[in-house]
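Chains as they are written, first to last, in the working numbering: chain A, 4 to 147; chain B, 2 to 440. Backbone N, C-alpha and C define an ideal beta-carbon position, used for all residues, glycine too. First the structure, in the form of structure tokens, and then the observations on it.
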């Protein structure tokens, strides 16, 4: 291959790579929009966070905690996962039997749904989560 | 350039390939002390040193640049860098791109420096083998000194497996499989009696440990590599057919024996029980989020690992593909597979999709898959090994193809911190060098 052909090919590759930047950013925004829409739907299905159907929790799932709500015989039918900043990062709907998962756990900063983190902590305590849980830095594996 | 003048660079590069492989293995060793003391130092230091030595060797040789492979590799690295613009972890993406870039430069420099000299290609390949042997020997030392570190304990689904000095049995296997192919090539191509004995010892060590890992994907990769070696051999067709049949039988027998010899545990490892009444509403104790999908119904027996069972991979791959489909063109950003892939699958225990191609789709979308396929095609399709005694490019081609097979069951081809990435790229570039001539 001549130097001129190689240069032309390199220029074409560069153009394609530059064109991919807006495509990648658009995909990121569209993905976040779809996930937020799904999470909002589950949030509406749950109703008030402190609803009497609140039945279980998950903690220590670095870096987020979850509240689970029962529907019928299923104690884990709806699930909301909130990070330490109060962003809803994952919502799961198991009402139909097959879990429908909406998640931005890999990119929590894109979540636009904010939940009162103080209320989440209060609800966790009311479900029996010991007071010392979730103290200290989050998002790090504890040293053994 | 005289043989005497080029020899120090050639030997230095061979040594640095072995040191870099050992350094990378140390960065994720089964021994925590080693990780803590080498993670940022030996691993990346050795990689950068390898790159410097290889570039120096290439500069000294003044080879003719081969634009197409270089451009293809640069385009792939460019896409990785590009993805910092849309990555979920831009800093991580940038760091992973830098390490991949250094590895690609090193591999390209080694291939350019070795040029068409079969002896130089063979020398670099032996660097890969010696790296595997060093990690294998460290594994035996680990077994002798700290047995529990060298053995991955049995679970209800899996038998105990040998991991030696490595992070886990699969990371050891992805290194030893290409090393096995190179060891076999060295054994049949060398003329010296001493070298033949050394080759036999190396081959016995790397293949023996490969079998002990019980890594079925790595064994399959080694088998494919050995079959490629046999296919390009000069011996009569009948002899090659017999050798191929012998390889298939030996590898299959080893896989069956290790699968059946490693019996799963009959009782689960003890887990801490919460005090009565407390944590009663912890859903994680009853239905863990990390193994929700595909979990057997209460009362159903645990599925044990068999020779052809997928270890939960098929479900995990399906989930990873569905995740990737949400950002199909450009993906979530290079190097973010561990952050993006969510393991929700029963029987599957990894933060990666454990398939290099699906992992790449997740990270860089169809654009990444396409570019990776282009790089590999450019490198391997330009390989035209001849059936000459000792053509080292055959071994490089065999080892690279073996790695591509292992990539179906492991996410590692683009992850420099994985022990199999350096052997893959070095072998792939070496396979593409021009026709051999004597040194």
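Using three-state DSSP, classify residue 105 of chain A as helix, strand or coil. strand
Residues of its chain near residue 204 of chain B, where Cβ-Cβ distance is below 8 angstroms and the 5 sequence neighbours each way are ignored: 181, 184, 185, 187, 188
Is any heavy atom of the ligand FMN found at a distance shorter than 6 angstroms from the C-beta of residue 259 of chain B? Among the components of this structure there are no ligands whatsoever, and the ligand FMN is therefore not found.
Contacts of residue 36 of chain A in chain B (Cβ-Cβ under 9 angstroms): Residues of chain B passing the Cβ test: none, with the nearest at roughly 11 angstroms.
Give a yes or no on whether the minimum CB-CB distance between residue 4 of chain A and chain B is below 7 angstroms. yes
Span of the beta strand (DSSP E) holding residue 77 of chain A? 77-85
Taking any Cβ of chain B, which residues in the segment 50-64 of chain A have a Cβ under 8 angstroms from it, in chain order? 58, 59, 60, 61, 62, 63, 64
At a Cβ threshold of 7 angstroms, is residue 110 of chain A touching chain B? yes
Identified DSSP bridge partners for residue 67 of chain B: Paired residues: none, contrary to the question.
Enclosing alpha helix (DSSP H) for residue 59 of chain A [first to last residue]: Unbroken run through residue 59 of chain A is the beta strand (DSSP E), 57-64; no alpha helix (DSSP H).
Apart from the five residues just before and just after residue 224 of chain B, which ones in its own chain have a Cβ nearer than 6 angstroms to its Cβ? 252
For residue 210 of chain B, report the span of its beta strand (DSSP E) as first-last. Element bounds for residue 210 of chain B: not the beta strand (DSSP E) but the alpha helix (DSSP H), 194-214.
Pairwise C-alpha distance: residue 13 of chain B and residue 430 of chain B: 18 angstroms
In terms of alpha-carbon separation, which member of B:154, B:47, B:100, B:28 lies closest to residue 264 of chain B? B:154
Which residues in chain A sit within 7 angstroms of residue 368 of chain B, going by Cβ to Cβ distance? 23
Verify the CB distance criterion: does residue 13 of chain A have a CB-CB separation below 7 angstroms to chain B? yes
Which word fits residue 88 of chain B, buried or exposed, when buried means at least 16 other C-beta atoms lie within 10 angstroms of its C-beta? buried
Counting only C-beta atoms, is residue 30 of chain A closer than 7 angstroms to chain B at any point? yes
Helix, strand or coil for residue 72 of chain A per DSSP? strand
Is residue 177 of chain B closer than 7 angstroms to residue 207 of chain B when the C-beta atoms are compared? yes
For residue 121 of chain A, return the contacting residues in chain B, with the cut-off set at a CB-CB distance below 9 angstroms. By Cβ distance, chain B contributes nothing, its closest Cβ being about 20 angstroms from residue 121 of chain A, past 9 angstroms.
Hey, quick one: how far does the alpha helix (DSSP H) through residue 285 of chain B stretch, first residue to last? 284-287
Any idea which residues DSSP pairs residue 460 of chain B with across the strands? Here chain B has residues from 2 to 440 only, and residue 460 of chain B is not among them.
Residue 142 of chain B and residue 400 of chain B closer than 7 angstroms at C-beta: no
Nearest-angstrom beta carbon gap, residue 72 of chain B and residue 80 of chain A [assumed within contact, 8 angstroms]: With 8 angstroms as the limit, residue 80 of chain A and residue 72 of chain B do not qualify as a contact, their Cβ atoms being about 54 angstroms apart.
I think residue 26 of chain B touches residue 420 of chain B, with their Cβ atoms under 8 angstroms apart; what is that distance to the nearest whole Å? 5 angstroms
When the distance is taken between beta carbons, is residue 294 of chain B closer than 7 angstroms to residue 325 of chain B? no
By DSSP, does residue 414 of chain B sit in helix, in strand, or in coil? coil
Distance, Cα to Cα, residue 434 of chain B vs residue 66 of chain B? 11 angstroms
Range covered by the alpha helix (DSSP H) that runs through residue 124 of chain A: 120-129
Assuming residue 94 of chain A is part of the alpha helix (DSSP H), what are its boundary residues? Where residue 94 of chain A is concerned, there is no enclosing alpha helix (DSSP H), although the beta strand (DSSP E) it sits in stretches over 91-96.
Taking the Cβ atom as the reference point for each residue, do residue 367 of chain B and residue 329 of chain B lie within a distance shorter than 7 angstroms? yes
Any chain B beta carbon closer than 7 angstroms to residue 76 of chain A: no
Integer Cβ distance of residue 131 of chain B from residue 213 of chain B, believed to fall under 8 angstroms: Not really, about 20 angstroms apart at Cβ, beyond 8 angstroms.
State the start and end residues of the unbroken alpha helix (DSSP H) segment that holds residue 47 of chain A. 6-49
For the candidate residues B:174, B:138, B:169, whose alpha-carbon lies nearest to that of residue 211 of chain B? B:174
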